[in-house]
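Residue numbers (the numbering used here), protein chains in the order written: chain R, 8 to 231; chain U, 8 to 231.
Protein chains: 2
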Amino acid sequence: MVSRVKIRELSDVTGVTVATLKYYLREGLLHGGAATAVNQADYDESHVRRVRLVRALLQLGRLSIADAQLVLAAVDDDSIAIHDAFAVAQDAMVPARDRSGPQYAAALDEVVAFVRRHRLQVRPDAHVLEMLADAVVTMDDLGFSDALGTPRLASFDGLLEMALPIAEFEVASTRDDITRAEQMEYTVIGTITFEVAYAALRRMALEHASAIRFGSRRKPRRTD
Amino acid sequence: MVSRVKIRELSDVTGVTVATLKYYLREGLLHGGAATAVNQADYDESHVRRVRLVRALLQLGRLSIADAQLVLAAVDDDSIAIHDAFAVAQDAMVPARDRSGPQYAAALDEVVAFVRRHRLQVRPDAHVLEMLADAVVTMDDLGFSDALGTPRLASFDGLLEMALPIAEFEVASTRDDITRAEQMEYTVIGTITFEVAYAALRRMALEHASAIRFGSRRKPRRTD
DNA sequence: TGTTGCGGATAGTAGAACTATCCGTCTATG
DNA sequence: CATAGACGGATAGTTCTACTATCCGCAACA
Chain R
8 MVSRVKIREL
18 SDVTGVTVAT
28 LKYYLREGLL
38 HGGAATAVNQ
48 ADYDESHVRR
58 VRLVRALLQL
68 GRLSIADAQL
78 VLAAVDDDSI
88 AIHDAFAVAQ
98 DAMVPARDRS
108 GPQYAAALDE
118 VVAFVRRHRL
128 QVRPDAHVLE
138 MLADAVVTMD
148 DLGFSDALGT
158 PRLASFDGLL
168 EMALPIAEFE
178 VASTRDDITR
188 AEQMEYTVIG
198 TITFEVAYAA
208 LRRMALEHAS
218 AIRFGSRRKP
228 RRTD
Chain U
8 MVSRVKIREL
18 SDVTGVTVAT
28 LKYYLREGLL
38 HGGAATAVNQ
48 ADYDESHVRR
58 VRLVRALLQL
68 GRLSIADAQL
78 VLAAVDDDSI
88 AIHDAFAVAQ
98 DAMVPARDRS
108 GPQYAAALDE
118 VVAFVRRHRL
128 QVRPDAHVLE
138 MLADAVVTMD
148 DLGFSDALGT
158 PRLASFDGLL
168 EMALPIAEFE
178 VASTRDDITR
188 AEQMEYTVIG
198 TITFEVAYAA
208 LRRMALEHAS
218 AIRFGSRRKP
228 RRTD
């Protein structure tokens, strides 16, 4: 059953104002409805789903409109092989910033060496390399360099070893009874939501460890 | 040797424009220099370090100026115990967003149950709970709910078990031969930089797994 | 002694993400 | 079949954030 609704109801269902939906339409983040007259169009579940995806990209993933456009273009373009579309989406999810300076170049070299050492199949121009280099530069700047281990970035060896089987499982669980676009959508959603979830788990673990290490005097038992 | 420099040199060293440094001074993100006359002041390494910390919060951590103020206030306020300051900083690092709606409340309940199940010492009002709930809501919205396991969020059990010893190690490696402010600084930097680094490692692992699963036709061997 | 830079205050700007208004059309209700 | 209210599309305006520029009186240095 295809729900043929007007923009107002799309707004009600998704919780996004009509004005904003129109804005998304203008920006090409959302495909138009099926026109029934010169100024009438019907929206269906595909629109509801897309609006939710857009919101996930913008709010949870904290992407800019421009980057969301890139991701969605890759999702939608059937002429792009799924692995390449995945790459485009991944790249768009790394925020741009100034990366000039020799310090940054050195960090990037270390990251590339790390990737080579682990024989990872990561594109040499993947933005994720810059992302890791950003973190390394900041650690260096602020005196965390010894936390990186010897050789440099060795501290990440174990974490990568943990991440690999999880990633393999995640990728392997990609269903192949769904369309390419759906696969892409799942991949994008998975990347974003799990990233946030993992970061949250890590922070919870940190707070827990901090509570134990530094003692929590919260909720002191009543002396009665 | 204390380097007594004017704002221009602070700008040169940090790569942040004078105008922006003045802005940070106004906003209280950066403490003023030692006044030597009515319109003269000297800056030292403490300023260099603070500027780098601010930039790390804003660019790598993607905090707003307002949230950076909260974090830095917690770092600077010696009257706050280190564990409580850590909590403030952690909370400020979760971006604000609209979290009304029953769907969100349900997700939050599940997160709280998860925390209780694992007997985590996490404040009941910690923002990180909302962060995880955000991810859960988005997963539900977009059909990832079965990826959460049974009981709900069970898929995260293993990850949390991995994260706990790492967090314990990280917290345990806090040096106690440095000042409280320095400890706080390290904690904040560590939270941000490692979070970015872990996310990057995860994405690399994903790209690697994707390359293997979906085959990479990049750089096809020459037939010669 | 004058040019250059400084600190502090105030005002202005660019970009991002919406938000509001208008207008001609359609359509549901009575 | 008249008409009030949505609708789609276009355009202009708003809000917020993170800067950026200008001005001013004073200090330092040549």
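Where is the CB? At the ideal position from N, CA and C, for every residue including glycine.
Other residues of its chain near residue i: CB distance less than 7 Å, five sequence neighbours each side excluded
| i | result |
| --- | --- |
| Glu192 (chain U) | Leu60 and Val82 |
| Phe93 (chain R) | Thr194 |
| Ala20 (chain R) | The sequence shown places Val at residue 20 (chain R), rather than the Ala named in the question. The answer, listed in chain order, is Val55. |
| Pro227 (chain U) | Since pLDDT at Pro227 (chain U) reaches only 44, below the 50 mark, its modelled position is unreliable, and no value is offered. |
| Leu167 (chain R) | His125 |
| Glu117 (chain R) | Val143, Arg159 and Leu160 |
| Val25 (chain U) | Ile14, Arg15 and Ser18 |
| Gly40 (chain U) | Ala48, Asp49, Tyr50 and His54 |
| Gly35 (chain U) | Gln76 |
| Met146 (chain R) | Ser152, Ala154 and Leu155 |
| Gln190 (chain R) | Ile89 and Thr181 |
| Arg106 (chain U) | Glu137 |
Residues near residue i in its chain [Cβ-Cβ closer than 6 Å; skip 5 each side]
| i | result |
| --- | --- |
| Gly222 (chain R) | none |
| Ala42 (chain U) | Ala48 |
| Leu37 (chain U) | Tyr31 and Arg57 |
| Leu115 (chain R) | Ala140 |
Per-residue DSSP class, three states only, for residue i
| i | result |
| --- | --- |
| Pro12 (chain U) | It is Val, not Pro, that sits at residue 12 (chain U) in the sequence shown. In the structure shown, Val12 (chain U) sits in a strand (DSSP, three-state: E or B). |
| Thr43 (chain R) | strand |
| Asp19 (chain U) | helix |
| His54 (chain U) | helix |
| Arg228 (chain R) | Its pLDDT being 40, under 50, Arg228 (chain R) is placed unreliably in this model, and the value from its coordinates should be taken loosely. Coil, per DSSP. |
Beta-carbon proximity check, residue i vs residue j, cutoff 9 Å
| i | j | result |
| --- | --- | --- |
| Leu149 (chain R) | Phe163 (chain U) | no |
| Met138 (chain R) | Val95 (chain R) | no |
| Leu28 (chain U) | Ser18 (chain U) | yes |
| Gln110 (chain U) | Val144 (chain U) | yes |
| Phe151 (chain R) | Gly197 (chain U) | yes |
| Ala206 (chain R) | Glu175 (chain U) | no |
| Ala216 (chain U) | Ala179 (chain R) | yes |
| Gly165 (chain R) | Gly22 (chain U) | no |
| Arg213 (chain R) | Glu177 (chain U) | Rather than Arg, the amino acid found at residue 213 (chain R) in this sequence is Leu. Yes, Cβ-Cβ distance for Leu213 (chain R) and Glu177 (chain U) is below 9 Å. |
| Met169 (chain R) | Met169 (chain U) | yes |
| His90 (chain U) | Ala218 (chain R) | yes |
Contacting residues, own chain, Cβ-Cβ under 8 Å from residue i (five flanking each side not counted)
| i | result |
| --- | --- |
| Asp85 (chain R) | Arg187 and Ala188 |
| Ser53 (chain R) | His38 |
| Ala133 (chain U) | Ala94, Gln97 and Asp98 |
| Arg130 (chain R) | Ala94 |
| Ile199 (chain U) | Ala63, Leu64, Leu67, Gly68 and Met100 |
Exercise for the section: Just list the alpha helix (DSSP H) runs in the segment 86-119 of chain R, keeping only unbroken ones of 4 residues or longer that don't cross its boundaries, in chain order. Expected result: 89-99
Handout entry: Ranges of the alpha helix (DSSP H) found wholly within the segment 133-191 of chain U, counting only runs of at least 4
Key = Inside the segment 133-191 of chain U, DSSP marks whole alpha helix (DSSP H) runs of 4 or more residues at positions 134-148 and 163-179, from first to last along the chain.
Exercise for the section: Quick one: which residues of the segment 15-44 of chain R get their C-beta closer than 9 Å to a C-beta of chain U? List them in chain order. Expected result: Hits within the stretch, in order: Gly22.
Handout entry: Completely contained alpha helix (DSSP H) runs for the segment 58-83 of chain R, where each covers 4 or more residues
Key = Counting only runs of 4 or more, we get 72-83.
Practice task
Check each residue of the segment 167-181 of chain U: if its Cβ is closer than 9 Å to any Cβ of chain R, include it; give the result in chain order.
Solution key: Leu167, Met169, Ala170, Leu171, Pro172, Ile173, Ala174, Glu175, Phe176, Glu177, Val178, Ala179, Ser180 and Thr181
Practice task
Taking only beta carbons into account, state which residues of the segment 201-212 of chain U come closer than 8 Å to chain R, listed in chain order.
Solution key: Phe201, Glu202, Val203, Ala204, Tyr205, Ala206, Ala207, Leu208, Arg209, Arg210, Met211 and Ala212
Handout entry: Contacting positions in the segment 131-164 of chain U - beta carbon closer than 7 Å to chain R
Key = Ala133, Val135, Met138, Leu139, Asp141, Ala142, Thr145, Met146, Asp148, Leu149, Phe151 and Phe163
Handout entry: Interface positions of the segment 52-64 of chain U facing chain R (Cβ-Cβ less than 9 Å), listed along the chain
Key = Arg56, Arg59, Leu60, Arg62 and Ala63
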